[in-house]
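Asks: Protein chains in written order, with my numbering: chain C, 1 to 131; chain D, 1 to 131. Before we start, here is the structure in question, set down as structure tokens.
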DNA sequence: TAAAATAGTTTAGCTAGGTAAATATATTTC
DNA sequence: GAAATATATTTACCTAGCTAAACTATTTTA
């Protein structure tokens, strides 16, 4: 396998594992946090808005969202258009949000501390060129 | 989320989806191919050798290997040390291998064609710095 | 050499991605 | 306005990663 792709996949797995470790104390998994973050950023959202924004398929979001409802992080209600479901952060999620975000920011900083700002920019640009 | 990690995860998913598409005509999935490739490269291997080399956990390899046995790509036999299982490519896999490898190489080339050789090298190096 | 520790593999069960197809509601078209 | 089409979500079922714990065979140690 092309060493570039190999390295990319390895790093992707490494980072999700590390994020999961960081989130463990908050009882969250990486993709659950991603969804919470997305909702916090946009306020109320329909499921379709979420999966289009995160660029994943609808069933993935259905599943994660309902798990988050179960865990008490999210409230869900029908929209004006009765096909759609609207989700928003629960009281609990709103309260804990900034603490969790803090953990994640610390983690992210730690992960890129061996890169200069310039290198980080170049890395992003080069990744964007793959398509 | 840090735009670097966002881009990295997006690209990782994008690439596995594209690889799966490429492998569809050979009735294989990305990780199945990764395991086949690994075995072809090293000849006979124990399960532990495979998961250590690919840097994933043992149960992941157990599952993929047995699926590959089921599908007729791999032969499996007990080792001298009776705890271990040794796997090797089946007749079918050996025959089809180079054709599939060809598809993958074409795919990989297509994916990096907008990068110069230098950029590819830099990209790998920068990815390696994340840890 | 019997007991304890280690190594290789598997099982069970979780998250997280995907596709294909079903269902329910809205919208468009004839 | 009824029929056809489109949109939002869900269901079922794959692959693919993970952890924790079990099981078996080997190696080490007291």
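Backbone N, C-alpha and C fix where the C-beta goes; we use that ideal spot for every residue, glycine too. Small disclaimer: the values here were computed from a predicted structure and weren't measured.
(1) Could you spell out where the alpha helix (DSSP H) holding residue 35 of chain C opens and where it closes?
(2) Quick one, are the C-beta atoms of residue 9 of chain C and residue 103 of chain D less than 8 Å apart?
(3) How many whole angstroms separate the CB atoms of residue 44 of chain C and residue 86 of chain C, which I take to be in contact at a CB cut-off of 8 Å?
(4) If you draw a straight line from the alpha carbon of residue 107 of chain C to that of residue 61 of chain C, how long is it in whole angstroms?
(5) Consult DSSP for residue 75 of chain D and reduce its assignment to one of helix, strand or coil.
(6) I think residue 58 of chain C touches residue 47 of chain C, with their Cβ atoms under 8 Å apart; what is that distance to the nearest whole Å?
(7) Along the chain, where does the beta strand (DSSP E) that runs through residue 87 of chain D open and close?
(8) Taking Cβ-Cβ distances shorter than 9 Å, what residues in chain D pair up with residue 128 of chain C?
(9) Could one say the Cβ of residue 65 of chain C lies closer than 8 Å to chain D's Cβ atoms, at least one of them?
(10) If contact means a Cβ-Cβ distance below 7 Å, which residues of the region 78–100 of chain D contact chain C?
(11) Given this structure, state the Cα-to-Cα distance separating residue 127 of chain C from residue 82 of chain D, to the nearest angstrom.
(12) Answer with yes or no whether the minimum CB distance from residue 114 of chain C to chain D is below 8 Å.
Replies: According to the structure shown:
(1) For the purposes of this step, residue 35 of chain C is identified with residue 35 of the first chain, where counting begins at 1. It spans 30–42 - the alpha helix (DSSP H) in which residue 35 of chain C sits, taken as one unbroken run.
(2) Start at 1 with the first residue of the first chain, and residue 9 of chain C comes out as number 9. Start at 1 with the first residue of the second chain, and residue 103 of chain D comes out as number 103. No.
(3) Sequence index remark: in the first chain, residue 44 of chain C carries index 44 (1-based). Sequence index remark: in the first chain, residue 86 of chain C carries index 86 (1-based). Contact holds; Cβ gap of about 5 Å.
(4) Taking the first residue of the first chain as 1, we reach residue 107 of chain C at position 107. Taking the first residue of the first chain as 1, we reach residue 61 of chain C at position 61. Their backbone Cα atoms lie some 25 Å apart in a straight line.
(5) Within the second chain, the letter at position 75 stands for residue 75 of chain D. Looking at residue 75 of chain D - three-state DSSP - the assignment turns out to be strand.
(6) Taking the first residue of the first chain as position 1, residue 58 of chain C is located at position 58. Taking the first residue of the first chain as position 1, residue 47 of chain C is located at position 47. Right, their Cβ atoms sit about 7 Å apart.
(7) In the second chain, residue 87 of chain D corresponds to position 87, counting from 1. Taken as a continuous stretch (DSSP letters only), the beta strand (DSSP E) holding residue 87 of chain D covers 85–89.
(8) For this step, residue 128 of chain C is matched to residue 128 along the first chain. Correct list: 7 and 11.
(9) Position 65 of the first chain, counted from the first residue, corresponds to residue 65 of chain C. It does not: the Cβ of residue 65 of chain C has no partner Cβ on chain D nearer than 8 Å.
(10) none
(11) Here residue 127 of chain C is taken as the residue at index 127 of the first chain, counted from 1. Here residue 82 of chain D is taken as the residue at index 82 of the second chain, counted from 1. One C-alpha to the other measures close to 45 Å.
(12) As a position in the first chain, residue 114 of chain C is number 114, starting the count at 1. It does; some Cβ of chain D falls within 8 Å.
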